[in-house]
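A.B. asks:
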Amino acid sequence: VPYRSDGVSVRDDTFSRPPRASLRGDTSNGHLRTEFLELRAPDRFASSMRPLSLTAEYVTESRQQGDPAEWTTERTANVNETELVSHFPHVWGLLGPWTYRDFGADPLRAFDDIESVVARLPASFWTELEARRKVFENASTRNNSNFTQVLGNVSVAFHNSTQLPQTLLQKLESFPTERGAYGKTVWGVGYANVSAQAVHYDFQEAYVQSDNWKSEEFSPETGIGGGWAVGQFELKEDTLMLARCSDATMISPTGGMKLLPDIYDEARAIHTLHLKAGKHRIYVNFQQPFWCHLYTDSTAARVAITDVEHQDASSPFLILRDRVISDVVGTQFVSPHVGIPVLNAARHPLRVSRVEVSLGPKNLSAKVVNDSTIASGQTMIVHLKLSGSVVCEAAEGETQRHLNLSLTLYPDGANMAPAVVGFKARCWETAAQGFQVAYPDFDGSVQEMWVAPPNLTRFENRRCPDDGCPTMLSLHGAAVINSPNWGRNYEYEGEHADKTGFPYPAWLVEPTNRWKWGTDWEGQGLDNAVYAIEWVQAHLPGATCGSTAAEARAAGCGMDTDRILVTGHSMGGHGCFVYTTHFADRLLGAACAAAWTSFAVYAGSSSTQFLDQTRRSLNEFISSEHSADLLASNAHGVPMLVIYGSLDSNVPPPQTRYMARLVDSFSADRAAVTVEEVRGSEHWFTQNHPTLVNFIEDRLNPDSTKTLPLPELPLVFELMVTNPKTFGSRGLLRVMQLSDASMPGRLFVQRCTSANVTSSFCKDTMVEVNAKNDSFIPALVRAGAPRDPVWDVSTFNVKRFRIEWPTRMLPRNRSWPSALRIDGQLFTGFELNTTGHKHFCKAAVWGVCGGTEEGVQWELVSRGSPLVAAGPVHMAIRQHPVCIVHGTGADQAEVALSLANKMYFISRYAVPIIDANASLSNSWVGPDSCRDAHLLLVGGPVDNSWSEHFQCTSFPYMRFANSSSVQNTSFSLGGYSYSEDGTGVLALGPLPNGRLALLIHGVDSVGLVQAALNVPISAAKHGSDFTVFGPDSGWKGEGGNLASGYLNETWGFSSSSGWVEPEHATRALLRRPTMVDEFSTECPQLILQQERAVETSLEKSVASPLSFFASSIFAFGMFFALP
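Mapping of the sequence shown onto our numbering: residues 343 to 1465, in sequence order.
1) Can H916 and W863 be called in contact, C-beta distance under 8 Å?
2) Name the residue from R443, K704, T861 whose alpha carbon lies nearest to the alpha carbon of M1245.
3) Quick test of your reading: I1255 and I1226, contact by CB under 8 Å. State the CB separation rounded to the nearest angstrom.
4) Taking only the alpha-carbon atoms, compute the straight-line gap between P1153 and G931 and give it to the nearest angstrom.
5) Would you call the stretch 1311 to 1322 and the stretch 1193 to 1206 touching, i.e. three or more CB-CB distances under 8 Å?
6) Using DSSP with H/G/I as helix, E/B as strand and the rest coil, what is H1276?
7) Looking at C-beta atoms only, is the number of pairs between the stretch 673 to 690 and the stretch 716 to 724 that lie closer than 8 Å three or more?
8) Does the beta-carbon of V733 have 16 or more other beta-carbons within 10 angstroms, so that it is buried, or is it exposed?
9) Are R623 and V572 touching if we call contact CB-CB under 8 Å?
10) Measuring CA to CA, which of A945, T956, S516, V1215 is closest to H1276?
11) What three-state label does DSSP hand I1359 in the structure shown?
12) Using CA atoms only, rank isn't needed, just tell me which of M901, T890, A896 is closest to V878.
13) With A1242 as the anchor, note down where its alpha helix (DSSP H) starts and where it stops.
14) Considering just the uninterrupted stretch of the alpha helix (DSSP H) at K1378, what are its terminal residues?
15) Between which two residues does the beta strand (DSSP E) containing K621 stretch?
16) Alpha carbon to alpha carbon, how far is T1068 from R689?
17) One question on the structure: do R586 and H542 come within less than 8 Å of each other, judged by their Cβ atoms?
18) For Q407, name the three-state secondary structure that DSSP assigns.
19) Near Q406, which residues of its chain fall below 8 Å by C-beta distance, leaving aside the five closest residues on each side in sequence?
20) Could you tell me whether the Cβ atoms of L1055 and G979 are closer together than 8 Å?
21) Among the residues of its own chain, which have a CB less than 8 Å from the CB of L1042, if the five just before and after it don't count?
22) According to DSSP, what are the bridge partners of H542?
23) So does the stretch 917 to 929 actually touch the stretch 1013 to 1025, counting three or more Cβ pairs closer than 8 Å?
24) My understanding is that R474 touches V531, with C-beta atoms under 8 Å, so please give their C-beta distance in whole angstroms.
25) When we look at the beta-carbon of G836 and count the other beta-carbons within 10 Å, is it buried (16 or more) or exposed?
26) On the criterion of 16 or more Cβ atoms from any shown chain inside 10 Å, does D385 qualify as buried, or is it exposed?
27) Since H1506 contacts R1144 with CB under 8 Å, what's their CB separation in whole angstroms?
28) Among K1363, A534, L1340, T1311, which has the Cα closest to the Cα of G1349?
29) For W1393, does the three-state DSSP call read helix, strand or coil?
30) Using the C-alpha atoms, what's the distance from L602 back to N422?
31) Note down, in chain order, each residue of its chain lying with its Cβ closer than 8 Å to the Cβ of D971, except the 5 sequence neighbours on either side.
32) V694 and Y752 - do their beta-carbons sit closer together than 8 Å?
33) Secondary structure at G1324, three-state DSSP: helix, strand or coil?
34) Rounded to the nearest angstrom, how far is the Cβ of T424 from that of T648, given a contact under 8 Å?
35) In angstroms with no decimal places, state the Cα-to-Cα distance between T903 and I875.
36) Name the one or two DSSP bridge partners that Q574 has.
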């Protein structure tokens, strides 16, 4: 990319004459910086001009004349930018085998950590490995890397290749294991197969060679398992290293956090390490053949490790591959948002200060939207916005038109070289067949989705109904990328086929689960689907009848998000089930293909065996939020098709049939669900199967210009809710708060309709209704809409709920109640007006809360109120932006970095990291992107000033040490104190802005790391509102927890929904128990204030309709009384 030394870029218009002449003028002063070693002409010159390369002598001269403080001084000296220098050891010592039964648990930790074990190895161990390394590398050179021949040479030299000498083995430690002969581990030697990029090892062979066993004398399980691999490498000078590994890896000395593995080999979990000269040890916790790319930073290394061409090692920024940009329709990007994952290789934090369009249309410009600091070693998605029109051209021999675009990102550091990012955006003449859209998701990170506008030819007047066209939500399977391949899978041949466009009269929305693997459409993946619909409704990208969203809505291209057809395949089929059980009131239907119901049924339970069933259930309750089998009753009344291949070995047919049986059973209807088995088909089949097409057509078939009716409510239905913050309504009834957050809440509803009002069940209730004679009609009810005299509602574990009256006209065909009998108490007339803050609440009996000022105080303090977020812990990374604030304690900055990168890798988060020590102590909000964010606080009050500031506001149920005579990182919870090394805690609490704070704290760095490993970022992770991880958690997993549970409605400890144990461990405790008077005492007063506010809210609830009417007139704009 052409660039001048004075900081002014050479724009495209300077190439009106040949680039070479222009560049000669710009570089003749001898000040060309090292980041611009290669100058390329624009594409239109590519066929006739070669890149201009500058000599090393010229670069050296310009360095001498430039600023010595530039970024290149942080990099390894004397680097050949075209050379790939690997430090991956060729020979490894391996210890195992073990079975890893519990998440995050290492059996070795019951006795010691791997670094301590390795530190005790005799010098002869390393001497043996070094001797084998020399023979291995010499043989590799002679045999041209033929791995079999190389191992043969090693075997000849050392009698065998994989086993250490018996005299040495007798000096090495062994540990218990159920996978080893005699119940003991064994040490062996592994070798790197460079061509296969892997280290393979067979522990069974090690036993054979170590004790004269024969393989046929072993059971099949003996010797099978994972373990630890240890190797070492030496650096002759301080080195910036790039690392990407298949398994959890540690390189000492770099702290206690393991490097996040690139488990899908997608070149996204990449780490930068600034290592000192000398020997370094590398530890790999493997369960299979493993590999690791360890390169000295160079241009060649960056290209190899990121799989992104045109990297420039003179810039501190590495560009990763999952860049996001919208397609072009006509002459405009359908969305201006751009997302670029940038890895900061510098030692210090940097920002992208500005961006320029270095290759592209002259009138196209770009600006930085999020200017958050990128920590050293962090990958952050940089959010940009484009403006201006474009012109696309088709390359010779291609039918698909593209727009080639290059953006230059400038760091804010002095004399920092920029990084150049290339894009190849697809171009379409019209929007009819769909397009890719880049957009900011709920957390502000730029995600992508496929969108297609509705086929308006399906409507008589060529426009959507007044409420908008319905929504078709399509959820993809694992590893499916966002592209026309998936986006156009619904096109079909037939009566309504349209080869030039999307065939259905609905907006097609295909989000990505935030990555092609994502979180199984659970957690933040489900939020991604919800927010994608909201964003498309608000912006209407590619609408065919207006240049703005407002114009499109007015012209008949609006989008109706109260009428949704959900569909999906495989993992997306699971998402289809989950969405159906969460938002049944909004659904026209659900077509779920090759689907599974829950992770436990599909993959088996991952529960620990060290907890009793009661406490295990508390830990696992979080996963029930996405267990469609548990929630299947919520789908009663939703038209559903399940379709699968008869030969599916990926998701076996019984998985999909299981959900069909459950919904049929809850419906008391043997044919409630339509089941289609595609005979002879395996897992994949296109989404235009005739049965699928017929179902979608039936549910989306437009009825003249009227809004489609929603399915009729069943006479008997129920709603199960595990987390009120993530569930919608059923029959207009929406749960707001649970009595006990550790159990689901349930509403059981029986409608007394005009047809069955004479039944014995309804007759007695109608006598009471008629006696009160104060019914009402919501103003937004359509004329002639079905009105039921009364609904009988029975509740379980529900503290508050409301009737969620629609903000638009009540959907056609949707019944509503004139009266409710709730657990035997009758509510009629204005008591049903639950607009504003009003709702049904339960103290000793049910009443109506929120009609007075005192009655809404609960919303300011109560767990899960409309104004305050709710747990469990995974909610601290959901539905809103997230920021991480770390303290100054050991490994706290490293833990913050690891969490931010893990959140990017799994779900493409863009998480700012704040150093509490460097932030303004009186602000407590951080950058603009953190003002409305959840906060992950790494480190307790003694190390993190933010944790100290929010100590009482967010964690009043905890107490922290305030005496210099005890371990100052000690804490207490539920009446027990914890001060032993290796102890950590995750604790949830509210923030003043209504968001959540998640404290990640450890008595020492080992406890801190253990707590951080359990932040539930990935799918199928357990967690409650708080968990204390004891010193034994390192080897027992969840079985080593000392406390866990859910808080009550005032964020206090509840013995009915949580448990605590005294501090204990398998090894003797090193510290005396901390006394009660050595902990802070001011926070419990806050709990008393919050409890009083909630009590006041319930006391102000009014059961009398007359007094309630007097307190609620101000909110009755939507209602009027009937005589």
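Virtual Cβ for every residue (Gly too), placed ideally from N, Cα, C.
C.D. replies: So, from the data block:
1) Along the sequence shown, one-based indexing puts residue 916 at 574. Along the sequence shown, one-based indexing puts residue 863 at 521. Yes, the pair counts as a contact, with Cβ atoms nearer than the cut-off.
2) Within the sequence shown, residue 1245 is the residue found at index 903, counting from 1. With distances taken between Cα atoms, M1245 lies closest to T861.
3) On the sequence shown, position 913 is the one that residue 1255 refers to. On the sequence shown, position 884 is the one that residue 1226 refers to. The pair is a contact, with the Cβ atoms about 5 Å apart (cut-off 8 Å).
4) Locating residue 1153 in the sequence shown gives position 811, where the first residue counts as 1. Locating residue 931 in the sequence shown gives position 589, where the first residue counts as 1. So the two alpha carbons sit approximately 15 Å from each other.
5) no
6) In the sequence shown, the residue the question calls residue 1276 occupies position 934. In this structure, H1276 counts as strand in the three-state DSSP scheme.
7) Contact between the stretch 673 to 690 and the stretch 716 to 724 is present, because at least three Cβ pairs lie under 8 Å.
8) Start at 1 with the first residue of the sequence shown, and residue 733 comes out as number 391. Exposed, since its Cβ has fewer than 16 Cβ neighbours within 10 Å.
9) By 1-based counting over the sequence shown, the position of residue 623 is 281. By 1-based counting over the sequence shown, the position of residue 572 is 230. It is a contact, given that the beta carbons lie within the stated cut-off.
10) Locating residue 1276 in the sequence shown gives position 934, counting from the first residue. Ranking A945, T956, S516, V1215 by Cα distance to H1276 puts V1215 first.
11) For the purposes of this step, residue 1359 is taken as the residue at position 1017 of the sequence shown. If DSSP states are grouped into helix, strand and coil, I1359 belongs with coil.
12) Residue mapping note: residue 878 aligns to position 536 of the sequence shown, counting from 1. The option with the nearest alpha carbon to V878 is M901.
13) Here the question's residue 1242 lines up with position 900 in the sequence shown. Per DSSP, A1242 belongs to the alpha helix (DSSP H) from 1234 to 1249.
14) Counted from its first residue, the sequence shown places residue 1378 at position 1036. Looking at the DSSP string, the run of the alpha helix (DSSP H) that includes K1378 is 1375 to 1378.
15) In the sequence shown, the residue the question calls residue 621 occupies position 279. Residues 620 to 628.
16) Stepping through the sequence shown from its first residue, residue 1068 is reached at position 726. Stepping through the sequence shown from its first residue, residue 689 is reached at position 347. Rounded to whole angstroms, T1068 to R689 spans 40 Å at the Cα level.
17) Walking along the sequence shown from the start, residue 586 turns up at place 244. Walking along the sequence shown from the start, residue 542 turns up at place 200. No.
18) As a first step, residue 407 must be located in the sequence shown, where it is residue number 65. Residue placement at Q407 is poorly supported in this model, since its pLDDT is 28, which falls under 50; the coordinates still yield a value, given next. Correct three-state label for Q407: helix.
19) Indexing the sequence shown from 1 puts residue 406 at position 64. For Q406, the predicted model reports a pLDDT of 29, less than 50, meaning its position is unreliable; a value from the coordinates is still stated below. There are no such residues.
20) Translated into positions along the sequence shown, residue 1055 becomes position 713. Translated into positions along the sequence shown, residue 979 becomes position 637. Cβ atoms of L1055 and G979: closer than 8 Å.
21) Taking the first residue of the sequence shown as 1, we reach residue 1042 at position 700. These residues qualify, in order along the chain: P812, M814, Y846, P847, A848, L907, L930, L1050.
22) As a first step, residue 542 is located in the sequence shown; it is residue number 200 there, counting from the start. In DSSP, H542 forms a bridge with Y533.
23) no
24) Taking the sequence shown and counting its residues from 1, one reaches residue 474 at position 132. Taking the sequence shown and counting its residues from 1, one reaches residue 531 at position 189. The Cβ separation is near 6 Å, so the contact holds.
25) Within the sequence shown, numbered from 1, the residue matching residue 836 stands at position 494. Exposed is the call here.
26) For this step, residue 385 is matched to residue 43 along the sequence shown. Confidence at D385 is low in this model, with a pLDDT of 39, below 50, so the placement of that residue should be treated as unreliable; the coordinate-derived value is given next. Exposed.
27) Shown here, the chain extends from 343 to 1465; a query on residue 1506 therefore has no answer.
28) Here residue 1349 corresponds to residue number 1007 of the sequence shown, with the count starting at 1. Answer by Cα proximity: T1311.
29) The count along the sequence shown starts at 1 and reaches residue 1393 at position 1051. Coil at W1393, not helix or strand.
30) Translated into the one-based positions of the sequence shown, residue 422 becomes position 80. Translated into the one-based positions of the sequence shown, residue 602 becomes position 260. When rounded, the distance between both Cα atoms is 28 Å.
31) Locating residue 971 in the sequence shown gives position 629, counting from the first residue. If we look at D971 and ignore the five residues flanking it on each side, its Cβ neighbours are T939, S940, V943, Y1000, M1001, L1004.
32) Position 410 of the sequence shown, counted from the start, is the residue given in the question as residue 752. Position 352 of the sequence shown, counted from the start, is the residue given in the question as residue 694. Cβ atoms of Y752 and V694: closer than 8 Å.
33) For the purposes of this step, residue 1324 is taken as the residue at position 982 of the sequence shown. Note: G1324 maps to coil in three-state DSSP.
34) Sequence index remark: in the sequence shown, residue 424 carries index 82 (1-based). Sequence index remark: in the sequence shown, residue 648 carries index 306 (1-based). At roughly 16 Å, the Cβ-Cβ gap does not stay under 8 Å, so T424 and T648 are not in contact.
35) Locating residue 903 in the sequence shown gives position 561, counting from the first residue. Locating residue 875 in the sequence shown gives position 533, counting from the first residue. Their backbone Cα atoms lie some 7 Å apart in a straight line.
36) Against the sequence shown, residue 574 aligns to sequence position 232. Answer is R623.
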